[in-house]
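The block underneath contains the structure these notes are about, expressed in structure tokens.
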Amino acid sequence: MAKGRIVIDVERCKGCELCRDACPQDVLMLSDKFNNKGYRPVFLLEHDNECTGCALCAIACPDACITVYRQVPQRRLHPAQTAV
Ligand code: SF4
Ligand code: SF4
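Here is the structure:
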């Protein structure tokens with residue numbers, strides 16, 4: 001399965017939790033700290049590395065606070081094959 005990582009612009013996040021509702025892996029949590037606007041931003045639970053990089057959180061965010069990085073496993077080629 002693909003692995004992913006997200007970066008959240010915590011100072012722009014307003015803690016609406018739409019991204020949490022959209023995440024199929026349930027790896028987003030609200031921080032117990034406040035940002036400069038007085039909102040509790042979300043953060044990624046990284047201990048189990050279960051983010052798949054599906055980007056549903058980024059699509060759901062009305063303020064485009066989330067950038068997604070996705071690592072797709074490389075398929076191993078047979079020696080007779082050539083990469084294109
Ligand atoms: S990229 Fe997908 S799995 Fe990762 S935090 Fe966002 S919605 Fe969840
Ligand atoms: S949807 Fe966007 S603004 Fe709302 S909590 Fe998630 S990152 Fe923050």
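Here our numbering is used: position 12 in the sequence shown is 12, and no number is missing along the way.
For each residue, glycine too, the CB sits at the ideal point set by N, CA and C.
All of these numbers come straight from a predicted model, not from anything done at the bench.
Candidates the options: closest to residue i by CA position
| i | options | result |
| --- | --- | --- |
| Ile6 | Leu30, Cys51, Gln25 and Lys14 | Cys51 |
| Leu45 | Asp63, Phe34, Lys37 and Gln25 | Gln25 |
| Cys16 | Tyr39, Ile8 and Asp32 | Tyr39 |
Test item: CB-CB of residue i and residue j under 7 Å
| i | j | result |
| --- | --- | --- |
| Arg75 | Gly4 | no |
| Cys23 | Cys57 | yes |
| Ile8 | Ile66 | yes |
Proximal residues to residue i (C-beta, below 7 Å), its chain only, five neighbours per side dropped
| i | result |
| --- | --- |
| Arg20 | Leu28 and Val42 |
| Val10 | Asn35 and Pro41 |
Spatial neighbours of residue i in its chain, beta-carbon cut-off 6 Å, leaving aside the 5 residues before and after
| i | result |
| --- | --- |
| Ala2 | Thr52, Gly53, Arg70 and Val72 |
| Cys61 | Cys19 |
| Ala55 | Val68 |
TODO: For the segment 41 to 77, list the beta strand (DSSP E) runs that are entirely contained and at least 3 residues long, ordered along the chain.
DONE: Secondary structure remark: continuous beta strand (DSSP E) runs of at least 3 residues inside the segment 41 to 77, in chain order: 42 to 44 and 66 to 71.
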